[in-house]
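The structure appears below as structure tokens.
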Amino acid sequence: MNSNLRTAVFIIISAVQISVIAGIIIGHESTVSAGKEYRFPTAPVDPYDIFQGRYLALGFRGLSQTTAKTNQFTEKQSVYALITEDSNGFALITNISATKTTAPCIRVKVQSAYQNRVTVAFPFDHYYLPEDSAKPAEMIYRDFTAQRRLDVYALVAVDASGNAILKDVYVKGEPILSFVKKHRNEYTNKKPW
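For the sequence shown, the working numbering assigns the number 3 to the initial residue and increments by one for each residue that follows.
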């Protein structure tokens, strides 16, 4: 193979790789900038993964939905959770569908389907944090979610295709990292349990 042909093949392969990466980034940023924002109330979860770094493991209330036909759903199946906002402005699942609908929805995975109840897993259950903010953020998150307070929620952008991107976690109306900066001393030396 002559050097001109090798160079051309290298350039083509490089261009394809860059195009794929750019497509992923553009899709993500498109959802963040143009997607409708929903607030999801959170619940406590035990977070730790040595391979993924520091993060808050987000649990969510209302992940189950009653449906007439659970036999059409299987574990780990990709489905759509149809969502709406309740009277407090929080997102809630109204139905589960095997196919995309025109209603606002999120692409999710089925965790379980038993009797007439389907439970799903959201794709935005990890919120990554700087190392120095992780411990106080986890303490704050646990304190507030253990009390089942509505002032802790995940702000998620959802686009028309059902893609969902976690934008931030809020505590008392402000981003959790800002809240941590203001209240770090109250939570840094606090025992986790």
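Beta carbons: idealized from backbone N, C-alpha and C, even for Gly. Keep in mind it's a predicted model, so treat the numbers as computed, not measured.
At a Cβ-Cβ threshold of 9 Å, Arg63 and Leu157 do not count as neighbours. Thr121 and Ala148 have their C-alpha atoms some 21 Å from each other.
When rounded, the separation of the alpha-carbon atoms in Asp170 and Lys184 is 17 Å. Here Pro125 carries a coil assignment [DSSP, helix/strand/coil]. Assignment of Gly61 by DSSP, reduced to helix, strand and coil, places it in the strand class. One thing to note: Asp145 has its Cβ no nearer than 9 Å to the Cβ of Gly175. Counting along the chain, the unbroken alpha helix (DSSP H) around Asn6 starts and ends at Ser5 to Ala36.
Residue burial is scored here from C-beta neighbours: Ile27 has fewer than 16 other C-beta atoms within 10 angstroms and is therefore classed as exposed. If you keep only unbroken beta strand (DSSP E) runs of at least 3 residues inside the stretch 160-188, you get 166-173. In this structure, Ile85 is the residue among Ala115, Ser89, Ile85 and Gln117 with its C-alpha nearest to the C-alpha of Lys102.
Per the C-alpha coordinates, the member of Gly25, Asn97, Ala10 and Glu188 positioned closest to Ser135 is Glu188. Taking all protein chains in view, the Cβ of Leu60 is crowded by 16 or more other Cβ atoms within 10 Å, so the residue is classified as buried. Annotation: Arg109 is outside any alpha helix (DSSP H); the continuous beta strand (DSSP E) that includes it extends over Cys107 to Tyr116.
Between the alpha carbons of Ala166 and Val110 lies a distance of about 9 Å.
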